Amino acid sequence: MAAETITVLREGVTFGRLLRSYEEMDAKGCMTLLPSKFRRSGKSKPYSNPAAFSRLFDETHRIVFRYVYGLLGGPCQDVEDITADTFLKAWSARERFEGDVESAVSWLMTIARNQVIDRYRVQQRQGIEIWLGDVQLAGSDTSPEQQVIEKEQWERLRVIAQKLTEQQREILVLRYMLGWKNKQVADYLGIPENTVSVILRRTIQRLQTEAQRQEK
Amino acid sequence: MKGQSDVDDTALETLFRRARTHPGKRFYERMAQAPWAVEPSYISAQKRRRSFALAVVGIAGVLLFVLAVPLKSLAQQAFDYIFRGESDTVSSPVFVEPTAISPVLQDLADLQRVSQMVGFQVRLPIYLPESLQITDVNVHARSVLITYSNEDATLIFLQQSDATASLYVGATAEVEVVFVDGVTGEFVRGGWAQTERGLIWDNNLNGSHLLWEKDGVRYSLTAESGELSLETLLMIANRLP
C-alpha cells in the first residue's frame, strides 16, 4: 500500500452560511435565501428528527445568538448560555411545532426572548454597564479618519441604546443587527409597520442630536 | 467624508454589520453535545475551520485503488493542480496532522516575518469582499495558510513554495481551466462529504477552489462556504500585489 499526499476539500454542508449578507436579506427578504430542500412548508413536525433539527440549528443559531446579544446587551457568556438553552427548549418542544422555516425562526426567537425575560427581568438583574459593551467593530478598508468616526458613532450608539425602552431597543436590534425590513419587524412584533418606522426615526434623530451636542 | 453627526439608516446598517458577535468555542463545544448533534455531518464551524487548516497543509490519504488506475487513465484525469480520481469515493482516507506554527498577522512587519519563515514573499489580496478580514495565519514548513472570515463566509488562501500535492477531487468533479494572475489555473466546485462509508465527493456541496502557480509558488484560494463566485475569486486573485 502506497501513500499519496492529497488535499481534500472539507466536508461542506454549511446551511448556516446561506444568510450571507444583510444587503441580500434586505433585498430579497430574510428567508428567501434558504435552499428549497430546507423549506418544509406544510409538513407536519418538520424538525422532529435529529438531522432536521441539526440543520435548523446550523441555519439559525447565529441569528438567534445575535438577537439575544441585542436584547441582553452582553456579556457574551450569558448570551451563549441563553442561545444554547433556547435550542434545547426548542428541541424538547419540537414535536409540537408545525410550520416552515420562517415560522421556526420566529418560534426560536420567541423562546429566546422569553429566556431573557425569565432569567433576567424576573430576577431584577442589575443593568449591564454598557449595551453591547464587549462587542467591537471589525476592521474595514475605510480611511483611518473614517474609522475613528465610526468608532465614536458606535460608542455613542451603545450609550444611547442603554436609555431606550426595551421595545425600542428590540426594534433597533431586529432592523439593524438582523437586517430585517420594517415590515418583517412589524410582523414579528405584531405592531403596525408605521410604528416601527416612527421608533427608528426617533432613535436616529436622538443619535444625531447627541452627536451634534458632543461636537459643540 | 461624513461628519460625526451624519448618523443615518445606512450608517447604522454599516455599524451593526461590522459588530463582532459570534458564538465562541465554549458555545460550539456545548452544542456538540446537544441531543440532536448525532450525525457525523454535524461539526461546528470552528472545528471545520481548524480541521481544514490542518487538512490543507498536510492531509495524507492512502488510496490503494487510485494507484491501481492505469497510467493512461491517470494522464487523462490529472490536471496541473487538480487530480481527478476514478471514483467519487475514498473509502479509507488517512489524515496526518502537521505541526503548524500560528503567528497572528498584525501588520506588515509580521507579514515580512511570515515571508521569512516560508522563504518567499507572501502576497495579501488588496481586494476582498466586504468585511472579510484575516482571522488566522498558519505556517507549516514552506507554506502559509491565511484564513479570512466574516460573519457569513470564510476564505482560505494557501501559498506554498514546495507544493507537490494536488487537490484530489472525485470522478464527477467539473474542473474548469481559467486564466488567473497572469497564468493558467484551475477551478473546481464541490466537496468531500464525510460518511460512514468514507469520503464521498459531491458537486453540490459548498466549497470552491481556485488553484494556480506563479514564480515557483503554488496558490490555492478556497471559498469554504461556496458562497463566493468564481468571478469574485478571480477578482481577488487578479489583484494580488
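Chains as they are written, first to last, in my numbering: chain A, 6 to 221; chain B, 2 to 242.
Ideal Cβ placement from N, Cα and C applies to all residues, glycine included.
Just so you know, these numbers come straight off a predicted model, no measurement behind them.
Comparing alpha-carbon positions, the option among Gln117/B, Leu112/B, Val181/B and Asp203/B lying closest to leucine 222/B turns out to be Val181/B. Using a CB distance cut-off of 8 angstroms, glutamate 14/B counts as an interface residue toward chain A.
Out of Gly86/B, Leu206/B, Lys215/B and Val178/B, the CA that lies nearest to the CA of arginine 124/B is found in Lys215/B.
Bridge pairing for phenylalanine 180/B: Thr185/B [DSSP]. No Cβ of chain B is located within less than 8 angstroms of the beta carbon of tyrosine 193/A.
Counting C-beta atoms within 10 angstroms of its own C-beta, arginine 207/A has fewer than 16 neighbours from the protein chains shown and is therefore classed as exposed.
Contact check for phenylalanine 17/B against tyrosine 181/A passes: the beta carbons are separated by less than 8 angstroms. Looking at the DSSP output, tryptophan 193/B shares a beta bridge with Trp202/B. Pairing alanine 143/A with valine 69/A gives a Cβ-Cβ distance that is not under 8 angstroms. For glutamine 217/A, the enclosing alpha helix (DSSP H) has its first and last residue at 198-220. Listed by position along chain A, the residues whose Cβ is nearer than 8 angstroms to that of methionine 236/B form an empty set, because the closest Cβ is around 14 angstroms away. Judged by DSSP secondary structure, tyrosine 74/A falls within the alpha helix (DSSP H) whose first and last residues are 55-77. Proximity of threonine 88/A to chain B, defined by a Cβ-Cβ separation below 8 angstroms, is satisfied. Comparing alpha-carbon positions, the option among Thr214/A, Gln167/A, Gln158/A and Gln217/A lying closest to glutamate 14/B turns out to be Gln158/A. The C-beta of proline 36/B comes closer than 8 angstroms to at least one C-beta of chain A. Membership of alanine 166/A in any beta strand (DSSP E) is not indicated; the residue belongs instead to the alpha helix (DSSP H) covering 149-167.
Nearest C-alpha to lysine 50/A among Tyr74/A, Thr115/A, Ile87/A and Trp96/A: Trp96/A. One alpha carbon belongs to proline 130/B, the other to threonine 155/B, and they sit about 11 angstroms apart.
For the pair phenylalanine 62/A and phenylalanine 92/A, the CB atoms are nearer than the 8 angstroms cut-off.
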